[in-house]
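All you need for this note's numbering is the position in the sequence shown, starting with 1, plus 160. Note that the Cβ used here is the ideal one computed from N, Cα and C, for glycine as well. For clarity, every value in this text was computed on a predicted model and none was experimentally measured.
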Amino acid sequence: MGDLEALRSEVIGAVKLSFDEIAYSNCLPWRTHSKSKFTDTVARKVATLYVRPLIEELRPWLIVARGKERVPAILQMTGLSLPPVIPWNRSQAATPAAKHERDNAATEILKFVNERRGAAGGGSPKSGPSD
């Protein structure tokens, strides 16, 4: 199972989020030809011209960042006060380490959503990801 399928089935499905509670955006729809990291100049432009306006418009209460390093760094470059940001390991390899990181992220997401729903007085707690 790829990382996006795992995110959908283990997290989004588990907490039964409705379509009005989810927004998905690929803030970086391109990659370099060498598959290497893009420059800091590109990252700053993405943060300023795309990510910041998107966050200002959506006002999310949680961000799941599909990437462990670059995406959270770009989010910080927006200069905004951000909601909690939980990194999601987007590795295509189903290694034990990647699965462990995804399970931890899924648990963190479920906990956050359940706490938010509890504070709002709605929904019953959901369980974490299955093995």
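Query: VAL224: which of VAL245, THR208, GLY239 sits nearest, CA to CA?; Result: VAL245
Query: Give me, in chain order, the residues of the same chain whose beta-carbon lies closer than 8 angstroms to that of THR133; leave out the 5 immediate sequence neighbours on both sides.; Result: The chain is shown only over 161 to 291; residue 133 falls outside these bounds and no answer can be derived.
Query: Could you work out which residue in ASP200, ILE172, VAL175 is closest to VAL231 when comparing CA atoms only?; Result: ASP200
Query: For a test of the three-state rule: what should DSSP assign to PRO247, helix, strand or coil?; Result: strand
Query: By Cβ distance, which residues of its chain are closer than 7 angstroms to GLY227, with the 5 residues on each side in sequence left out?; Result: PRO247, ARG250
Query: Buried or exposed for ARG262, going by 16 or more other Cβ atoms inside 10 Å?; Result: buried
Query: Given a cut-off of 8 angstroms on the beta-carbon distance, is the pair ALA203 and ILE234 in contact?; Result: yes
Query: Once the 5 residues before and after LEU242 are set aside, which same chain residues still bring their CB inside 8 angstroms of it?; Result: ILE215, ILE223, LEU235, GLN236
Query: Can you give me the C-alpha to C-alpha distance between LEU218 and SER185, rounded to a whole angstrom?; Result: 11 angstroms
Query: Measuring straight from C-alpha to C-alpha, what distance separates ALA253 and HIS260?; Result: 12 angstroms
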